[in-house]
Structure formats: structure tokens, C-alpha cells
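Please read the structure below before turning to the comments.
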Amino acid sequence: MKRKSKEKAYHVIALVVIAIALIFYLIPVYWIITTSFKPYMDIFAMPPKFTFKPTFDNYVGLMTIRAMSDGKMKVASASSYPWQLLNSIIIGFVSTALAVCLGTMSAYAFSRFPVKGKGDIMFFILSTRMMPPVAVVIPLFLMYRALHLIDTHIGLILLYTTFNVSFATWMMKGFMDEIPKEYEEAALVDGYSRFSAFLKIVLPQSVTGIAATAVFCLITAWNEFTFALIMTTKNARTAPPSLASRMGSSGVEWGQIAAGTFIFLIPIVVFTFIMRNHLLRGVTFGAIKK
Amino acid sequence: MNVITASKSRGMQDYRLKMMFIIPTIILLVVMNIFPLLWSLVLSFTKYSAIKPDPPQFVGTEHYTQILSDSSTWAYFRTTAYFVVLAVAAQFIIGFGLALLLNRNFRGKSFVTPLMLIPMMLSPVVVGLFWRFILDTQWGLFNYLLSLGPKSLFVVADGVNRFAYLIDFPYIISTGITDGLQKITESARGIIWLTRPKSALFSLVIIDTWMWSPFMMLLSLAGLSAVPKYLYEAADIDRASSWFKFRHITLPLVAPLLYIALLFRTMDAFKLFDLVIIGTNGGPGSATETVSLNLYRRAFESWNTGESCALAYILLIIIIALSNIYIKYLNKARSGS
């Protein structure tokens, strides 16, 4: 009986600590979102304002370029931010799809077949993920310049795919190792080819791993800054370097940065929330003994 | 006879599939990683600038000796190491601790857990920008919230901030004890976070911990939720203490995933670049100049391509050595459990 009440007390304390942690994690996010709806004067108010009249000025300012005409500031044209968001979406999702696809395939091969020097190759694949981007970016920059891949979508997609494929291979191999071989072997006996056994038996069982891998790959590609900063200038520029550049010239436009951030945040958060039930069971890295 | 040909064709089929599945990945990695790395190895022995038309000029190991004998390089490595140790330790403690707490059933769990992951979904650029705003000495939210609480909270936060300053003995010695003490007694209005040398690095640790402890939490939680319940039940029958259960059931089973989480976080912390360039731009002075940031400056601000390739190689060797150590422990933990 005493043990029961002690456990209950622990439970309550745990929930309180979780609530505090949640607040700690979410306050900055809350601040970003509210700042994006604040009028200019309220952003710098001290003490900070928690109630204010919401306005869309920051969003309008972010999405448009204004110019003087007839003595008034008027919206002249759309700014480049919507295009940069579109670039982020194209580059982020395409490279994630490619990386997960290639990673799943190579993970399957490494998991099921004998490969000469498997341990070394796996370590090599992992080590490419460990490389600091600034270490490879110099020769890549020279290479891209020679191949005219600077500031192209395909250039960034290739880069992010490379970056993520090693991670995807590693994560998926851990997951595949835990899928029992017996099902596919039974299918092979039934006359399935190896490839159709992979498609029809293994893939459906790997959905959880694939979803979790995709979340991590998308987070990396979506938010990548270093390569995007160095390898793009205009056409293929994604949102992160664009947001960073808003810090420059005429003072920091916190309202617009907040607005840009909020819009930029929505796709990735929605994606992760859709995948949330796969996340926990998907990250095994082969490190969990069943 | 029939069986043998069948298994033979099966073998061929498997071989073809294996190659088809592995080769695209390998080609991509070789073209996009190995080739550039070899190229930069060659460049690291030459004097070359990517924006000048002159071809690379062989200079031998000059860059390496020059970089390694430069005391400021070591300062950047020290800064980086300081950051890595503090940030990864804090993320580990907070992340694993939260995972232990979250590993229970309560209403809204499937909602709370992904909400906690939001920080790691943000771009480091956004995080750097916004924490700069939040940590501002005068109109930042953080100092305001601290000032709302009891005075003691403020003092504690300031103390923690200064602790980071205090444990850096070389700095104290170089600036003098009185200066150090004076800094400790100053400031009643607002805590200076990002604009004072040692606090700036410490603030980056706080920001990085905010951002990445959820990652640690997620991986720990994945490990914890896979520990079979019957092990605990068996231990309960034996009236084992909570500590015993933690030490002998939970920890060994979760250890491999913890090593993986630590490996990823250590490597990423070592590469710290985007958060610094946005958050402090290496300042004030060069207090938060990490190796990666310095590498970026050498490569794309002063355009010393050859020299920066040499520094990149030094960094690479350290990272590979570090990850090897981790993987050794990981394999030990994996075979041990």
C-alpha cells in the first residue's frame, strides 16, 4: 500500500517536470509565433507584451517589395521569399525521397547478403556522415563551379541526397536486421523473385523505419544552411540563408524574420506530426535487442 | 540437378540485385565525397586561391606546419572542445532524464512527445537568430522572465552564467583575478549572455542544448520503450531495488542507443558552424570562434583555399579518430548486452 502511494507521488512529480520541460522547449517557439503577428512597436516593448493587436504587416512585408508611388508606400511586387520557400520544398522533399530510397536499397543488400569487407564499407558510409560540411565544401565548390552546378536545384538535391544517404543506409540497416528473414524465404520458395519479395514482403514491414528515417532526412535537408549559403546565390536559394540575410543592411527586421520562420516551420512540423507514431519504433539503429 | 540450377540462378539473381542495390549509393558517395576529399588533399599541399587564376603551386607540408604551430588554431580547438564537452553532457543529462520520466503512460503522451521535438525541427539559422533576440540583455524575453521570478532565481542564473566564466582558469589568469571578481559583482539590470566572451560560448551551449536535448530524449526513449516489461516484473518478484533495476536492466539495454545518440551529437557539436555564425559570428572578439567557423573564414572570406584544405584535413582526422573511439565502445556495449 505504501509502495503504491509512493509510486503515485513519483508519477505526479514526473508529470510536473515534463510540463516544465515542455514550457522550456515551447516558449521560444511561442515567442517566434507571437512576434510574427506583433505590430512593429510592440516587438521591442519592455516589459515584453503578451497581449497585442495582431497584424499581418510582417507577413505582407515578408512576401512583398514595396515602393513609393504617388507619395505613398505601395506594394510593388512579390518578394523572392515565396520562391525560396518553393525551392526549399522541392529540394527538401526530392532529396529526402532519393536518400530514403537509395538508403533502403543498400541497407537491404547489406542486411541480407554477404558483402566483401562489409564492416569497412559500413564504416566508410557512416564516416561520410561525420564529415564537417565545411571540410568537403571547398573541393565541392570547385567541382560544382567547373560543372556549372552552382545555384541549381539539381546541385543542392545531389548534395543533400549524398549527405543523407549514409545516414539512411545506417538507420535502415539497423531496422532491416530486425525483420525476420523467414517471411521472404517463404516467399522465395513460393516462386517470388528476390526483387518482388523485397517489394511485397520486406518493404511493407519496413514502413516504420522508412518513416522515421524520412523524418530525420527531411529535418536535415530542410534546415541545411552551410551548403545552401555557399552553393546558391539566387535561383536555387532556399529559405535558411535567405532568412539569415535579413539580418543585415537596415537593422534586424525581427517581425519579418519571425513571420518567415513560422511559415517555414509549418511543413516540417506537420510532416513530423504525421509520422510521429513511427518515430519511436523506427529509431533502433540495430541497437535494440529483441 | 534441377535443384542445383535453381539455386545457381537464385545466386546469380541475388548477386545482380545486391549490386543493383548497393552501387548507386557507393557511386554517389565516391563522386560527392571521396573525389572531393582526394582533391582537397592535393590542394592542401599547394598554395592556391579559388578566386585567382593562378594554378595551384606545390608547397609541401607548409600549410600544416604553419597551422599547427599557430597558437590561435589551438585556441579555436579549445573553444570547440569546451563547447562539445559542455553541450553534449548537458544534452545527455537532460535528454536521458526526460526520457526516463516520459517512459510511462499518461494522457496526451503521443501529443507531448512530438511537441518536445519541435526545437530540433527548427533550422539552426532560425534558432540562432531567435535566441539572439530572446537573450538580448535589454529587451530580451529571457532576462525579463528571470526578473519576474524571485531575486534568487536571477542570482542563480547569473551565477550559472558566471560559473562558465570562472571555470576557464586561463582566462581568469590572463585577465587578472580582480577583473574576474569585478565582473562577478557587476550587472544588476540584465545578465549579459551573448556579448561577453565566456558567457557567449556558454549561451551557445544553452541554445544548442535547447535545440538538441530532444534528440537525445527521442533516442533514449526509443531504447527505453523497447526494454521488455517482463524483466522488470521478474526483478520485482525478487524485490530488487529501483537502482538495481536501473543499473542492471535498463542501462545495459539502452546503452547501445545512447552511444549512437552521443556519437551523432558529439560529431555535430564538433562541426558547429551555422549556430555560431548566426548567433555570435564568432564574437565577441574571437571568444566563440569554432574551428568550423574559422575554416569557413579562411576558405570563403580570405579565400586561402590551399590553407583551408589543410585545416579541413586536420579537423577530419580528429573527427574520424573520435568516432572510432565511440564505435569501439558501441560495439562493446552491443556485444555485452
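Sequence lines, in order, name chains R and C. Every position in the first sequence, counted from 1, becomes a number in the numbering used here once 373 is added. Every position in the second sequence, counted from 1, becomes a number in the numbering used here once 154 is added. The beta-carbon is built from N, C-alpha and C at its ideal position, and this holds for glycine as well.
Helix or strand or just coil, what does DSSP make of residue i?
i: I438 (chain R); result: strand
i: T200 (chain C); result: strand
i: Q292 (chain C); result: coil
i: F646 (chain R); result: helix
i: D524 (chain R); result: coil
i: M504 (chain R); result: coil
i: C474 (chain R); result: helix
i: K422 (chain R); result: coil
i: P406 (chain C); result: helix
i: K486 (chain C); result: helix
i: L658 (chain R); result: Residue identity differs from the one stated: residue 658 (chain R) is Phe in this sequence, not Leu. F658 (chain R): coil per DSSP, three-state reduction.
i: R164 (chain C); result: helix
i: S395 (chain C); result: coil
i: G437 (chain C); result: coil
i: D362 (chain C); result: helix
i: V580 (chain R); result: helix
i: Y565 (chain R); result: coil
i: K663 (chain R); result: Annotation note: pLDDT 47 at K663 (chain R) (below 50); position unreliable, coordinate value reported separately. Note: K663 (chain R) maps to coil in three-state DSSP.
In terms of DSSP beta bridges, what is residue i paired with?
i: V448 (chain R); result: R:R439
i: F212 (chain C); result: C:T200
Using the beta-carbon count (16 or more within 10 Å), is residue i buried or exposed?
i: F471 (chain C); result: A small fix is needed here, since residue 471 (chain C) is Ile in this sequence, not Phe. When all chains shown are included, I471 (chain C) counts as exposed.
i: V239 (chain C); result: exposed
i: H217 (chain C); result: buried
i: F483 (chain R); result: buried
i: I331 (chain C); result: At I331 (chain C), the pLDDT of 47 sits below 50, so the modelled position is not reliable and the matter cannot be decided from this model.
i: Y403 (chain R); result: exposed
i: K206 (chain C); result: exposed
i: P268 (chain C); result: buried
i: G165 (chain C); result: exposed
i: R401 (chain C); result: exposed
i: W228 (chain C); result: exposed
i: M371 (chain C); result: buried
i: L316 (chain R); result: Any question about residue 316 (chain R) goes unanswered here, given that chain R covers just 374 to 663.
i: N537 (chain R); result: buried
i: D224 (chain C); result: exposed
i: N431 (chain R); result: buried
i: K172 (chain C); result: buried
i: A584 (chain R); result: buried
i: M414 (chain R); result: exposed
i: M478 (chain R); result: buried
Please work out which residues of its chain come closer than 7 angstroms, Cβ to Cβ, to residue i, disregarding the five sequence neighbours upstream and downstream, and give them in chain order.
i: I473 (chain C); result: M421, F424
i: V408 (chain R); result: Correcting the residue type first, residue 408 (chain R) is Thr in the shown sequence and not Val. For T408 (chain R), where only same-chain residues beyond five positions count, the Cβ hits under 7 angstroms are I416, W627, G628, A631.
i: A117 (chain C); result: Chain C is shown only over 155 to 491; residue 117 (chain C) falls outside these bounds and no answer can be derived.
i: G433 (chain C); result: G282, W285, R286, L348, L358, I361
If you drop the 5 nearest sequence neighbours on each side, which residues of the same chain put their C-beta closer than 8 angstroms to that of residue i?
i: D392 (chain C); result: none
i: T363 (chain C); result: A241, A244, Q245, I248
i: T444 (chain C); result: Y230, T233, T234, F237, L426, F427, V430, G436
i: T215 (chain C); result: F199
i: Y481 (chain R); result: M545, M549, F571, V575
i: L616 (chain R); result: I630, G633, T634, F637
i: L700 (chain R); result: Outside the shown range of chain R, which is 374 to 663, sits residue 700 (chain R), and nothing can be said about it.
Excluding the five sequence neighbours on either side, which residues of its own chain have a C-beta within less than 6 angstroms of the C-beta of residue i, listed in chain order?
i: F540 (chain R); result: R502
i: Y467 (chain C); result: S198
i: Y533 (chain R); result: S468, A594
i: L602 (chain R); result: P614
i: T606 (chain R); result: D524
i: Q578 (chain R); result: I552
i: S461 (chain R); result: T611, A612
Can you pull the chain B residues whose beta carbon is under 8 angstroms from the beta carbon of residue i, in chain order?
i: P210 (chain C); result: Of the protein chains in the structure, R and C, none is chain B.
In the stretch 249-269 of chain C, which residues sit with their C-beta less than 8 angstroms from some C-beta in chain R, listed in chain order?
L252, L255, L256, R258, F260, S264, V266, T267, P268, L269
Of all the residues that make up the stretch 172-190 of chain C, which are near chain R by a beta-carbon distance shorter than 9 angstroms?
K172, M173, M174, F175, I176, I177, P178, T179, I180, L182, L183, V185, M186, N187, I188, F189, P190
Under 7 angstroms (Cβ pairs) to chain C, residues found in the stretch 593-611 of chain R:
N596, F598, T599, I603
Residues from the stretch 512-528 of chain R in contact with chain C, defined by Cβ distance under 9 angstroms
P512, L513, F514, L515, M516, R518
Taking Cβ-Cβ distances below 8 angstroms as the criterion, which residues of the stretch 381-401 of chain R are in contact with chain C?
H384, A387, L388, V390, I391, A394, L395, F397, Y398, L399, I400, P401
Residues of the stretch 359-392 of chain C with Cβ closer than 8 angstroms to any Cβ of chain R, in chain order
W364, P368, L372, L373, L375, A376, G377, S379, A380
Under 9 angstroms, CB to CB, which of the residues in the stretch 449-479 of chain C have a partner in chain R?
L449, Y450, A453, F454, T459, S462, C463, L465, A466, Y467, L469, L470, I473, I474, L476, S477, N478
Using a Cβ-Cβ cut-off of less than 8 angstroms, give me the residues of the stretch 412-440 of chain R that come near chain C, in sequence order.
F417, A418, M419, P420, P421
Against chain C: residues of the stretch 642-654 of chain R by CB proximity under 8 angstroms
V642, T645, F646, R649, N650, L652, L653, R654
Mind listing which residues of the stretch 213-235 of chain C have their C-beta closer than 9 angstroms to chain R's C-betas, in chain order?
none
At a CB distance below 9 angstroms, what residues from the stretch 489-512 of chain R approach chain C? Give them in sequence order.
I494, F496, F497, I498, L499, S500, T501, R502, M503, M504, P505, P506, V507, A508, V509, V510, I511, P512
Can you pull out the residues from the stretch 278-290 of chain C whose beta carbon lies closer than 9 angstroms to at least one beta carbon of chain R?
P278, V279, V280, V281, G282, L283, F284, W285, R286, F287, I288
What are the residues in the stretch 536-547 of chain R lying within 7 angstroms of chain C by C-beta distance?
V538, S539, T542
If the cut-off is 7 angstroms on Cβ atoms, which residues from the stretch 427-444 of chain C count as contacting chain R, listed in chain order?
F427, D428, I432
With 7 angstroms as the limit, tell me which residues of the stretch 570-584 of chain R have their beta carbon closer than that to any beta carbon of chain C; keep them in chain order.
none
Pull out every residue of the stretch 412-424 of chain C whose Cβ sits closer than 8 angstroms to any Cβ of chain R, in chain order.
Y413, I414, M421, F424
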